[in-house]
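To get our numbering, take the position in the sequence shown, counting from 1, and add 64.
Quick reminder that beta carbons are idealized off the backbone N, C-alpha and C, glycines included.
The structure displayed is predicted, hence computed values, not measured ones.
Have a look at the structure below, then the notes.
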Amino acid sequence: MRVVKVGFLGFGNIGSGVYQVLRDNADLIEHRDGLRFEVKRMLVRDVNKSRKFMVGTKLTTDVADIAGDPEIEFVCEFMGGIHPAREYILEVLKAGKTVITANKQVLANCWPELQAAAQESGAGLYFEASVAGGIPIIRTMWDSIQANHIDSIMGIINGTTNYILTRMTEEGLSYEEVLESAQKLGLAEPDPTSDVEGYDAMYKLSILGSMGFHTRLPIDVIYHEGITKVTKEDIAYGKEMGYTLKLLAIGKKRGNEVEARVHPAFIPNTHPLASIRGAFNAVFMHGDAVGDLMLYGRGAGDLPTASAIISDLVYACHQDKHRYMTFKNQPFLDPGTTILEDWESEYYLHVKVVDKPGVLAKMTQIFADHEVSVASVFQKNTSAKEGSASVVFVTHKTRELAMKSVLKDLEAEADVLEIKNCIRVEEGEQDA
């Protein structure tokens, strides 16, 4: 048996979960892997704060107590945010200690810098828990499908937004109603911006895209849009057409061209991702050898995240030499790789118009002017009192920039009272 000394950066909800699993499943880990972990020091802001576990003198407010301890081989970081997590991770990496992190934000923003520090000292940098909680997506890409060229990644990788959209779909509730309920239940943050505006999924797509496409995918090249404009009417209209609405993180690679985007999208009810309910996550990928592949599970929570962190910890212990990503240690896009901003999609467009003859003809002419083909048109909710009607268009596959031109011209049309929503439709091609 090998006794492994570990340090923690942070000891909140996730840190407590890791500590609990290491304690409760110590015999199982020793039996399977010949390892017994001892958490020696834990970096916290306040050593006097009441905590789930009483750990006494293990607590410290000085990162040097961990970085400078020769007995500590591995450091688990779950502080969240960029600062001071970045500085602390760099300090322990430079001291030659392998880092296991659950911090998607620091990884998405500072990955090249962290990897460079790890390589220089010979330490490892592991991050299974940074994306999709307990789902082993990083290890799958790293160890199981490494012989594949991954050409597409489509994922539901934010549990809060999937919970909100699920309840809106199944209960016919508004976004505001579900968000308020989710906050009361602790399923959404008091400030939900990172989740509902797509930032959280953007960080995770940066990591998945960099892994899957073997090219650094910085967050500033990823388009992101949240779910705050989604209405229960849009979801209901989509259901009538056989679609389910999800917040999707989408990455595609064709040669040296990459597209990366996070936004709400309708997908067919028959697509595997359409069945993902509540706060669960799933990632659907396509490799040239393996074909379609989907991983599903809990995307957050103390114990699912702890499972991923400890998986990395055990894995790192068995490595004679740590491996690193092959992209260059730079904070920007690799030379030779082009980010597509004019991707192809189908579109759902919900518009409120003046209810009078000739309006529909004007609108369809605007589509035609920009060479956007309309697949179907539906008139909804006519209001005689307001003299208005709701019209829903669904297009054939077209270019993003062409659709933006359509929206611009529709906004300038006097008979168009309001563009209620424009949502992309992803058919999500699957293997036959």
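Residue nearest to residue i in terms of C-alpha spacing, selected from the options
| i | options | result |
| --- | --- | --- |
| residue 416 | 453, 230, 297 | 453 |
| residue 211 | 152, 277, 424, 450 | 277 |
| residue 482 | 78, 491, 419 | 419 |
| residue 405 | 76, 321, 414 | 321 |
| residue 487 | 120, 327, 349, 363 | 327 |
| residue 334 | 170, 427, 303 | 303 |
| residue 157 | 475, 147, 177 | 177 |
| residue 389 | 183, 167, 94 | 183 |
| residue 430 | 422, 287, 473 | 473 |
| residue 173 | 317, 252, 274 | 274 |
| residue 165 | 148, 193, 147, 316 | 193 |
Residue i versus residue j: straight-line alpha-carbon distance, rounded
| i | j | result |
| --- | --- | --- |
| residue 66 | residue 96 | 12 Å |
| residue 38 | residue 491 | Beyond the ends of the chain as shown, which are 65 and 496, falls residue 38; an answer cannot be given. |
| residue 293 | residue 74 | 36 Å |
| residue 414 | residue 130 | 56 Å |
| residue 206 | residue 135 | 29 Å |
| residue 121 | residue 112 | 11 Å |
| residue 489 | residue 412 | 7 Å |
| residue 89 | residue 284 | 41 Å |
| residue 80 | residue 140 | 12 Å |
| residue 138 | residue 239 | 43 Å |
| residue 119 | residue 185 | 30 Å |
| residue 353 | residue 216 | 13 Å |
| residue 467 | residue 460 | 11 Å |
| residue 266 | residue 314 | 10 Å |
| residue 456 | residue 476 | 18 Å |
| residue 241 | residue 196 | 26 Å |
Continuous beta strand (DSSP E) stretch holding residue i: start and end
| i | result |
| --- | --- |
| residue 482 | 480-489 |
| residue 216 | 214-220 |
| residue 284 | Where residue 284 is concerned, there is no enclosing beta strand (DSSP E), given that its DSSP letter is neither H nor E. |
N- and C-terminal bounds of the alpha helix (DSSP H) containing residue i
| i | result |
| --- | --- |
| residue 431 | 423-433 |
| residue 243 | 239-248 |
| residue 260 | 257-260 |
| residue 79 | 77-88 |
| residue 228 | 223-235 |
| residue 369 | 366-381 |
| residue 274 | 263-277 |
Local Cβ density within 10 Å of residue i, reported as buried at 16 or more and exposed below that
| i | result |
| --- | --- |
| residue 142 | buried |
| residue 83 | buried |
| residue 465 | exposed |
| residue 155 | buried |
| residue 433 | exposed |
| residue 91 | exposed |
| residue 480 | buried |
| residue 330 | buried |
| residue 249 | exposed |
| residue 125 | exposed |
Beta strand (DSSP E) runs contained entirely in the stretch 436-463, provided each spans 3 or more residues | 438-447, 452-459
Counting only runs of 3+ residues fully inside the stretch 105-187, write out the beta strand (DSSP E) ranges in chain order.
-> 136-141, 162-165
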